[in-house]
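To start, the structure itself, in structure tokens.
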Amino acid sequence: MTESDTVICGQSTPAQPIETSSIVVDRAQEIGRAGGSMRGRDAALDGLRAVAALGVWLLHVGSNTGVMYRDGMLAWMMSRLGIAVPIFFLLSGLLLYRPWARAVIEDTTRPRPLRYLWRRVLRVMPVYWLVTGLVLWAWSSFDWTGWLKWMLLVQNYFPADPTPDGLYQMWTLPIEMAFYVLLPPLAWVLHRWARGGNRPVRLLAGIAVLPVVSVATVVVARVHDLPQLGLMLPYHLVFFGCGMALAVLSVWIGHSRVVDSLAPQLLVLAALLYALLSTGLAGPRTLDLPSLTESLWRLSLEAAVAVLLVAPFALAPRADALRTRALGNPVTAYFGRISYGFFLWHAPVIALQLKLTGAQPFGGDFASVAVVSFVVTTLLSVASHHLLEAPALRLSRHGSAPVRPRPAPDPAPAAPVR
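In UniProt numbering, the protein residues as written are 1 to 418.
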């Protein structure tokens, strides 16, 4: 759901600043030959984002028609398509932290926080306001305070308020926005921490604190019966942290031949772990709260599946690989570009379709709901992308300059011969 930043550069030694520019150029050319995009969007990551958006849509079609609650492994696997949310969170950590990781490792200029936040607002809010405003006008009885909470993306902090029909998927966006706001100070702290030694290793060590925060939050939520913590950023920091770690690795090692050679096995392992996630080990498939053990299993398995899915594309971009051709083709890449709108529109479309057909709760026809909601949501997503999202993105890029390595200092003059 974010822009992709696909410049992946190799390691430079902080003690040798004069060689930094040539290393960056050489590694950039190498990655370009390997199939990594040097500018613009990464088609394969866009395709992965498209798959995640379709997973959320299929989850909600299955839940609203009751198919998800039937017997059988297929129903259980459908119920775990919420894995799309950890994938979205991981991609945000990867793509948004990478410029800061590059600034630490390669001594480039750090992103400017205010410009970064402005771009995030323009990326997320315009189409969100459109969709949410229409749904609140049609199906809510909120007064102005209720509207204000939703329009400012703070609805998660008021869990007692009802969620209007068609907006149940929006719980993820306050978490995303909280991460956007946290990232600049977090990146600053990591930058300061990493200056004292091996920078990539220290960055990874600092980022490792984030999963600990998630585990601690899960424990508190279950032990003290505080389910509302599941709507807060600390509960989900493990996914953003995994993305940030992949960002560090993508800058530090560039194109990993090991990951490239193991990519098929990693994707198969992700599928196997997803099958394990689709069992009772990770908790019930209903809205009943899982136990502490089930919650920890679910958190761990979702993080592992997300990392295994994204790593082959983030650490081993190669245009001629089957995985890249499958996800990076023009159709899936375009769908990835409109996936944010698809994510926002699909739930209101499903809700409207069920209301118009008079379907009973959990009793709609799966095939008709799937086909109609997919077509209508796609058309709305295309329209909102080109009429609202794309202009906002162009506005956000106005005046932006590409990140360049800092100029190397002049060599010290030679000592006079005595």
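Note that the Cβ used here is the ideal one computed from N, Cα and C, for glycine as well.
Q.
Within 8 Å, do at least three Cβ pairs link the stretch 306-321 to the stretch 41-55?
A. Contact holds between the stretch 41-55 and the stretch 306-321, because three or more Cβ pairs, one in each stretch, are under 8 Å apart.
*Given that a residue counts as buried once 16 or more other Cβ atoms are within 10 Å of its Cβ, and exposed if not, what is ASN156?*
Its Cβ being crowded by 16 or more others within 10 Å, ASN156 is buried.
### Message
Please list the terminal residues of the continuous alpha helix (DSSP H) segment that includes TYR168.
### Response
DSSP places TYR168 outside any alpha helix (DSSP H), giving it a letter other than H or E.
> If you follow the alpha helix (DSSP H) that THR377 is part of, which residue opens it and which one closes it?
Replying inline: Looking at the DSSP string, the run of the alpha helix (DSSP H) that includes THR377 is 366-384.
- prompt: Going by the CB atoms, is the gap between PRO111 and VAL135 shorter than 8 Å?
  reply: No, they are not a contact pair.
> Does the stretch 268-285 come close enough to the stretch 120-128 to have 3 or more Cβ pairs within less than 8 Å?
Replying inline: Verdict: no, contact absent.
Q) By DSSP, does THR108 sit in helix, in strand, or in coil? A) Here THR108 sits in strand by DSSP.
query: If you run the structure through DSSP and keep just helix, strand and coil, what is VAL201?
result: Per DSSP, reduced to three states, the secondary structure at VAL201 is helical.
Open item on the list: By alpha-carbon positions, which one of HIS346, PRO113, ALA390 and PRO391 ends up nearest to MET170?
Closed with: Taking only the C-alpha atoms, the option nearest MET170 is HIS346.
Handout entry: Distance between PHE362 and SER214 (C-alpha atoms, nearest Å)
Key = Their Cα atoms are separated by approximately 33 Å.
Whole angstroms are fine: how far does the CA of THR324 sit from the CA of ALA52? So the alpha carbons of these two residues sit roughly 16 Å apart.
Unbroken alpha helix (DSSP H) run spanning ARG394, endpoints: For ARG394, the enclosing alpha helix (DSSP H) starts and ends at 390-397.
Practice problem: Could you spell out the range, first to last residue, of the alpha helix (DSSP H) harbouring PHE240? | Solution: First-last of the alpha helix (DSSP H) with PHE240: 233-252.
Q.
Here's the rule: buried if 16 or more other CB atoms are within 10 angstroms of the residue's CB, otherwise exposed. What is THR286?
A. The residue is exposed, with fewer than 16 neighbouring Cβ atoms inside 10 Å.
Output the boundary residues of the alpha helix (DSSP H) element that contains ARG123. Bounds of the alpha helix (DSSP H) holding ARG123 are 113-139.
- By the 10 Å Cβ neighbour count, where 16 or more other Cβ atoms means buried, how is ARG298 classified, buried or exposed? Residue burial annotation: ARG298 is buried, with at least 16 other C-beta atoms found within 10 angstroms of its C-beta.
Taking DSSP as the reference, what is the three-state secondary structure of SER214? In this structure, SER214 counts as helix in the three-state DSSP scheme.
Quiz item: First and last residue of the alpha helix (DSSP H) that includes ILE175?
Solution: 172-194 is the extent of the alpha helix (DSSP H) around ILE175.
Please return the same chain residues whose Cβ sits closer than 6 Å to the Cβ of PRO184, not counting the five positions on each side in sequence.
Its chain contains PRO113 as the residues whose beta carbon lies nearer than 6 Å to that of PRO184, once the 5 sequence neighbours on both sides are disregarded; these appear in chain order.
Practice task
Classify LEU289 as helix, strand or coil using the three-state DSSP reduction.
Solution key: In the structure shown, LEU289 adopts coil according to DSSP, grouped into three states.
- Query: Skipping 5 residues on each side, what residues in its chain have a beta carbon closer than 6 Å to that of GLY336?
  - Reply: Its chain contains ASP46, GLY47, ARG49 and ALA50 as the residues whose beta carbon lies nearer than 6 Å to that of GLY336, once the 5 sequence neighbours on both sides are disregarded; these appear in chain order.
In the DSSP assignment, find the alpha helix (DSSP H) that holds ASN353 and state where it starts and stops. The amino acid occupying residue 353 in the given sequence is Gln; Asn does not appear at that position. Counting along the chain, the alpha helix (DSSP H) containing GLN353 begins and ends at 339-357.
Classify LEU74: buried if its beta carbon has 16 or more other beta carbons within 10 angstroms, exposed otherwise. Exposed: under 16 other Cβ atoms inside 10 Å.
First through last residue of the alpha helix (DSSP H) which encompasses SER278 = Where SER278 is concerned, there is no enclosing alpha helix (DSSP H), given that its DSSP letter is neither H nor E.
* Among the residues of its own chain, which have a CB less than 6 Å from the CB of PRO200, if the five just before and after it don't count? -> Only ILE105, VAL248 and TRP252 meet the Cβ criterion.
- At a cut of 8 Å, does the stretch 351-368 reach the stretch 175-192 through at least three beta carbon pairs? Judged by Cβ distances under 8 Å, the stretch 351-368 makes no contact with the stretch 175-192, as fewer than three pairs qualify.
Please state the DSSP three-state secondary structure of GLN265. Per DSSP, reduced to three states, the secondary structure at GLN265 is helical.
_I'd like to know if the stretch 338-357 and the stretch 383-400 are in contact, where contact means that at least 3 CB-CB pairs between them fall below 8 Å._
Segment contact: the stretch 338-357 against the stretch 383-400, three or more CB-CB distances shorter than 8 Å; contact assigned.
Checklist line | Residues near GLU19 by beta carbon distance below 6 Å, same chain, minus five either side | finding: For GLU19, the pLDDT reaches just 31, beneath the cut-off of 50, and the residue's location in the model is therefore unreliable, although a value from the coordinates is still provided. Here the set comprises nothing.
By DSSP, does PRO99 sit in helix, in strand, or in coil?
Residue state, collapsed to three classes: helix.
Cβ atoms of ARG202 and ALA194: under 8 Å apart, would you say? For ALA194 and ARG202, yes; Cβs fall inside 8 Å.
Cα separation between ALA270 and VAL310?
Using only the alpha carbons, I get a separation of about 10 Å.
By how many angstroms is the C-alpha of ALA390 removed from the C-alpha of TYR334?
Distance between the alpha carbons of TYR334 and ALA390: 13 Å.
**Study point:** Proximity winner among ALA392, LEU81, VAL85 and LEU59, relative to LEU237 (alpha-carbon distances)
**Key:** Nearest option by C-alpha distance: VAL85.
Only counting the same chain, and skipping five residues up and downstream in sequence, which positions put a Cβ closer than 7 Å to that of TYR168? Contacts found: ALA347.
By the three-class DSSP mapping on this structure, what secondary structure does SER21 have? Low per-residue confidence applies at SER21: pLDDT is 34, beneath 50, and the placement is therefore not dependable, though the value from the model is reported in the following sentence. In the three-state reduction of the DSSP assignment, SER21 falls in the helix class, which pools H, G and I.
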